[in-house]
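Step one of this worksheet: look at the structure below.
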Amino acid sequence: MEHLLEVDALDIAFRSGKQLVPRADRVSFHMDEGEILCIVGESGCGKSITALSVLGLLPRQGQVTGGAVRFRGQNLLALSEKELDLIRGGDIGMIFQDIMYSLNPVFTVGNQMTEGLRRHLRLPHEEARRRALALLGKTGIQNAPAVMKKYPHQLSGGMRQRVMIAMALACGPQLLIADEPTTALDVTIQLQIMQLLRRLRDETGMAILLITHDIGVVAEMADRVLVMYAGQVVEEAPVQALLEHPAHPYTRALLQAVPGLHDDRSRRLYAIPGMVPEHYESLTGCRFAPRCPHAAQCGQQAVRQQTGEGHWVLCALAGGDPHDK
Numbered sequence: 045m046e047h048l049l050e051v052d053a054l055d056i057a058f059r060s061g062k063q064l065v066p067r068a069d070r071v072s073f074h075m076d077e078g079e080i081l082c083i084v085g086e087s088g089c090g091k092s093i094t095a096l097s098v099l100g101l102l103p104r105q106g107q108v109t110g111g112a113v114r115f116r117g118q119n120l121l122a123l124s125e126k127e128l129d130l131i132r133g134g135d136i137g138m139i140f141q142d143i144m145y146s147l148n149p150v151f152t153v154g155n156q157m158t159e160g161l162r163r164h165l166r167l168p169h170e171e172a173r174r175r176a177l178a179l180l181g182k183t184g185i186q187n188a189p190a191v192m193k194k195y196p197h198q199l200s201g202g203m204r205q206r207v208m209i210a211m212a213l214a215c216g217p218q219l220l221i222a223d224e225p226t227t228a229l230d231v232t233i234q235l236q237i238m239q240l241l242r243r244l245r246d247e248t249g250m251a252i253l254l255i256t257h258d259i260g261v262v263a264e265m266a267d268r269v270l271v272m273y274a275g276q277v278v279e280e281a282p283v284q285a286l287l288e289h290p291a292h293p294y295t296r297a298l299l300q301a302v303p304g305l306h307d308d309r310s311r312r313l314y315a316i317p318g319m320v321p322e323h324y325e326s327l328t329g330c331r332f333a334p335r336c337p338h339a340a341q342c343g344q345q346a347v348r349q350q351t352g353e354g355h356w357v358l359c360a361l362a363g364g365d366p367h368d369k
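In the numbering used here, the protein residues as written are 45 to 369.
Right, here's the structure in full:
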């Protein structure tokens with residue numbers, strides 16, 4: 045069966061002077077139509093650059109040094125910039141992380157909304173305008189004609205995010221990449237945005253690649269989850285299996301750091317010691333070992349094992365309770 049998106053052994057590096065510094069190491073995953081896949085992990089683990097590499101949007105100093113990204117069987121890494129432009133905003137839409145600076149400040153919302161429609165769908169101006177108004181209304185924006193005339197700085201954060209979503213959905217993409225789409229928004233707006241994305245997925249059948257550091261969003265939205273640490277996928281599982289039976293010590297630590305509504309007041313949230321390493325090339329074996337309380341029991345080995353159906357973990361302890369080993 046051909047998957048909608050296949051990322052196969054993707055390596056990403058950033059140039060620092062004359063050196064290439066690895067930032068993602070053999071990242072592999074797939075997505076099917078209508079699926080919501082969440083990538084979770086701390087800042088600096090490689091989530092965003094993995095998503096940006098799918099559409100060839102890495103910063104100038106970044107480059108893919110190995111692997112493949114196949115969309116409906118076509119390797120996107122082999123396409124020219126012109127060929128990729130036909131896919132960006134058309135078959136694959138993207139909601140960028142920083143909503144405050146992702147919209148062009150010198151063009152009105154209407155100009156930015158209709159540009160993609162005219163370019164990808166070849167719609168005449170008036171038809172593109174009608175479709176843009178309908179899309180804004182679909183994302184919950186009231187008085188869309190007035191919003192079309194405004195500049196981004198005249199809108200609130202929640203309004204800008206809805207405009208971004210409308211732009212990403214304008215050409216009916218088969219895949220939507222959403223990079224922390226609720227960053228800097230208050231919790232009420234966050235909930236509305238997540239509900240909106242799920243509703244649009246149900247209505248259109250598009251797949252969503254959702255990048256987040258919020259475990260609550262993962263529990264609410266995901267069908268499957270990838271956990272990334274230090275540029276590697278350390279765990280992959282269906283969402284229920286991951287939340288109920290986390291296999292990697294890093295995943296368990298992330299879950300233990302999340303407060304629960306019914307927690308006892310005496311419960312102290314877990315704090316993962318140390319920080320995500322900046323330089324991966326100097327690390328051997330398990331990259332989480334310096335922060336893992338059980339590293340001595342596995343010899344700091346990084347062994348990929350399957351612990352259940354669709355559940356993979358990069359850990360020699362294979363998800364068992366280390367205290368029982």
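Just so it is clear, CB atoms sit at the ideal spot from N, CA and C, and this is done for glycine as well. These figures come from a predicted structure and were not determined experimentally.
query, result
"DSSP state of Leu299, grouped into three classes?", "helix"
"Out of Arg162, Ala263, Pro189 and Phe151, state which residue places its alpha-carbon closest to the alpha-carbon of Leu130.", "Arg162"
"With three or more beta-carbon pairs closer than 8 Å as the criterion, would you say the region 100-113 touches the region 180-190?", "no"
"Would you list the residues sitting across from Phe115 in a DSSP beta bridge?", "Leu49 and Gln118"
"Of all Cβ atoms in chain D, is any one closer than 9 Å to the Cβ of Arg173?", "Going by chain labels, chain D is absent from the structure shown, which holds only one protein chain."
"Report the residue from Val269, Arg242 and Thr295 whose alpha carbon sits nearest the alpha carbon of Ile316.", "Thr295"
"Just list the residues that DSSP pairs Asp55 with in beta bridges.", "Gly110"
"On a Cα-Cα basis, can you pick out the residue from Thr94, Pro225 and Leu286 that is closest to Val357?", "Leu286"
"Could you give the DSSP three-state label for His292: helix, strand or coil?", "coil"
"Is Leu213 closer than 9 Å to Thr183 when the C-beta atoms are compared?", "yes"
"Would the beta-carbon of Ile93 fall within 9 Å of that of Ile136?", "no"
"Okay, do the region 80-99 and the region 265-277 touch, 3+ Cβ pairs below 8 Å being the bar?", "yes"
"Need the endpoints of the beta strand (DSSP E) that Ala190 sits in, please.", "Run containing Ala190: none in the beta strand (DSSP E); it sits in the alpha helix (DSSP H), Ala188 to Met192."
"By the DSSP assignment, the beta strand (DSSP E) with Gln350 in it spans what residues?", "Arg348 to Gly352"
"What would DSSP say about Cys359, mapped onto helix, strand or coil?", "coil"
"Could you check where the alpha helix (DSSP H) with Ile131 kicks off and where it finishes?", "Glu125 to Ile131"
"Are the CB atoms of Val153 and Leu180 nearer to each other than 9 Å?", "yes"
"Beta-carbon separation of Ala263 and Val283 under 9 Å?", "yes"
"Keeping to the same chain, check which residues put their C-beta closer than 6 Å to that of Glu280; ignore five residues upstream and five downstream.", "Leu270 and Trp356"
"Please report the straight-line C-alpha distance between His289 and Gly352, rounded to a whole angstrom.", "10 Å"
"Quick one: what's got a C-beta closer than 7 Å to Leu313's C-beta in the same chain, skipping five residues either side?", "Ala301 and Pro303"
"Considering Cys82, what are the terminal residues of the beta strand (DSSP E) in which it resides?", "Ile80 to Val84"
"Just confirm the distance between the C-beta atoms of Ile185 and Arg206, as a whole number of angstroms; I'd bet it's less than 8 Å.", "5 Å"
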